[in-house]
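Structure first, then comments.
Numbering (this note's numbering), first residue to last: -13 to 172.
Shown next as structure tokens:
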């Protein structure tokens, strides 16, 4: 049974996010959504808020970014009765892949997608837990576009408005929806 979005506020979800200073390196304030996922009530609320947003949008597939985007995205795809596509860190997918490198706020990384993951014209929602610099999400956008997917929207639980990620994604022509916006990334 879906929890109606107005049953609880999004701010309640955001309050459950644990902040870990200096991880994975000095100067980074990591926002850990594990406490939200550990709570059946809050995890359900998170997914239900997204289900209500997308249930009438004629989505073909949900793509989730490694790793927390998998958790949210797979639950969303299940509730929407559509397929789920993982976009994984390099070297984790066993079939033919496309790769895209990107810069992180603390380094560089590469993500991959199976070459048969999305068909031409598929309507896709791209999911991750948060948007900071936007690098991971933009890499996912690029991979989905290379396969011919049409990104209906990118979505995240948290968006840090003091970092350029949200703006970069929107400038790339991708609508971005975030449940909670916060200027406190550091």
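A virtual CB, placed ideally from N, CA and C, is assigned to each residue, including glycine.
By the neighbour-count criterion, in which 16 or more other beta carbons inside 10 Å mark a residue as buried, residue 43 falls on the exposed side. Runs of the beta strand (DSSP E) lying entirely within the segment 65 to 140 and spanning at least 3 residues, in chain order: 69 to 75, 83 to 90, 93 to 100 and 109 to 117. By the CB criterion at 7 Å, residue 97 and residue 47 fall outside the cutoff.
Within a 10 Å sphere around the beta-carbon of residue 145 sit 16 or more other beta-carbons, which makes this residue buried. The C-alpha of residue 113 is placed about 5 Å away from the C-alpha of residue 55. Per the C-alpha coordinates, the member of 52, 88 and 106 positioned closest to residue 119 is 88. DSSP places residue 42 outside any alpha helix (DSSP H), giving it a letter other than H or E. Ranked by how close their Cα comes to the Cα of residue 37, the residues 152, 59 and 134 have 59 in first place.
Comparing alpha carbon positions, the residue from 25, 160 and 15 closest to residue 128 is 160.
Annotated as distal: residue 117 and residue 95, with beta-carbon spacing of 7 Å or more. Secondary structure at residue 162: strand, using DSSP grouped into helix, strand and coil. DSSP lists 117 and 167 as the bridge partner or partners of residue 145. The beta-bridge partner set that DSSP reports for residue 17 consists of 5.
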